[in-house]
Every structure is written in structure tokens, then in C-alpha cells.
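Read the structure below first, then the notes.
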């Protein structure tokens, strides 16, 4: 069975990852006021950071947890934080409380989940963005967490959204149609749009939003517009280069 990619922020999945994992990372920076100590144990992360750039803390976490860090934000602001026995999800949410981010997971053959990627694509306050990065979403003084205010604002603009994605219905050729096999196939995603920022790409099959199947682009956009208060989980399928179809869950919350 091929490994499957899945993006979903469910805390209890994290505990499985740390069942037999222990790691340690410590650094004393050239400045006496800077210090970072990071341990990854069975019960989660232990972090002591004093005036350490956020990017360095995230890199240390990605190194110890063996996950990919993707960001268009320089993340250079100094951070001081003390955490004990925190799951990866809780740790990331604390560190990125004022940013838009997603955590992606891999599902192994035995059904267990492990984080594979952290993607950061926006912030509350003005920052310096990497030259090759995607344009960030509009800054909003009220935006606190991933896709709270930003999501509610961006996904209410129906006319704008419809111009930024092109998709066609997926035909179900089975003699006994599977209700879970419908959806729409993404044909085009506008560069720097909200859809590209949350990770959608050409060829993705969008199956449902919050468990409700979508069979047209209008239905997909409508589902996103009505759910900003509680968030949305988009279920898609993506064909890898080895022709493996991977289920992916993008959680907006």
C-alpha cells in the first residue's frame, strides 16, 4: 500500500507520532541574551527559547520532527517562549498564532499518522517576504489565527473567487456510483490567489467540504463562503508522479 498524504489538524493524531521518539536540540547563540533548548520526547516538545528568530525555532522543530518547512515569510522576529509537554500541533499554533499556516500529515501502511510539512503563508503585521515567495493575503488587524478573519474575508468575495479557479465536474463511470467518488477537477488556479496559497493546484480532485460532496465550482465556493465561523475541511485527491492517488485534507480554521 502506498503512503498517503493527509493534511488535518487533529490533536490526538499527534500523540501517535511521539510514542517512541525522543530528540534533543540546543544552541547558544553568539549573543549572550539568545538561547534555544529544544527536546522532543514521548510526551511532546519541551522548548526554552530566549530572543531566538522564529525561523530558527521552526527549523529546529522541523529538523527534530523530520518534517518539511515551507514559508514565503522571513519569520525573523525574535521569540521568547517556554513550553513543556506540548504536541506538535499545540507548539505550532502557539508559535504561529498571528499567521496563516497548515500542517500536512502522512498516513502509513499501518494507519498511523505523522506530520510531513508545515506551510506558512501570511502574517498579522508587516514583514519582509522572501523574493521567490507568494504574495501574502491582505493584512488585517483582527486576524489572529489561520483563516479566522482572513478566511472569512477572502472567501466571502464570490465574484473574485470564481475568477481565480477553474474546475469541471468529475464523471462517475461506475455501474453503481460511489457517492464519495464525485467532485470537481481543478483545471486552473490563479497565481497568488487564495486557492494557490492554501495549496490547491491543477489536477487536484476536490471531493467535498466538511463531508458534503461538491459537484460544481459554484457548490464548492458556496460551501466555503458559508463556513468561515467554524472553519472548513476540504478533501481532495492528488495524483503523484508514480500514479499514486493521495487523499489530502486541507483544514481552514
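In our numbering, the protein residues as written are 785 to 1037.
All C-beta atoms in this analysis are idealised placements derived from N, C-alpha and C, irrespective of residue type, glycine included.
Keep in mind that this is a model prediction, so the values were computed, not measured.
Within its own chain, the residues whose Cβ lies closer than 7 Å to the Cβ of residue 900, once the five positions on either side in sequence are excluded, are 789, 851, 852, 888, 889 and 890, listed in chain order. Pairing residue 984 with residue 967 gives a Cβ-Cβ distance that is not under 7 Å. Contact check for residue 836 against residue 818 passes: the beta carbons are separated by less than 7 Å. The alpha-carbon of residue 1003 is positioned some 42 Å away from that of residue 827. Shown here, residue 875 sits in a helix according to DSSP, grouped into three states. When the alpha-carbon of residue 876 is set against those of 894, 902, 1022 and 979, the nearest one is in 902.
In the three-state DSSP reduction, residue 982 falls in the coil class, being neither helix nor strand. Taken through DSSP and simplified to helix, strand or coil, residue 955 comes out as coil. Considering only 979, 843 and 970, the residue with the shortest C-alpha distance to residue 1022 is 970. In this structure residue 822 touches residue 845 by the C-beta definition: roughly 7 Å separates them, less than 8 Å.
Relative to residue 976, the option among 944, 951, 994 and 997 whose CA is nearest is 944.
Judged by DSSP secondary structure, residue 968 falls within the beta strand (DSSP E) whose first and last residues are 968 to 973.
In the structure shown, the three-state DSSP call for residue 860 is coil.
When the five nearest sequence neighbours on each side are left out, the beta carbons in the same chain lying within less than 6 Å of the beta carbon of residue 978 are those of 938, in order along the chain.
Looking at the backbone, the Cα of residue 858 and that of residue 833 are separated by about 18 Å. Within the same chain, and ignoring the five residues on either side of residue 994 in sequence, the residues whose Cβ sits closer than 8 Å to its Cβ are 1007, 1011, 1016 and 1017. Taking the CA atoms as reference points, residue 904 sits about 6 Å from residue 884. Taking C-beta atoms as the reference points, residue 861 and residue 838 count as a pair closer than 7 Å. Counting along the chain, residue 1007 sits inside the alpha helix (DSSP H) bounded by residues 1001 to 1009.
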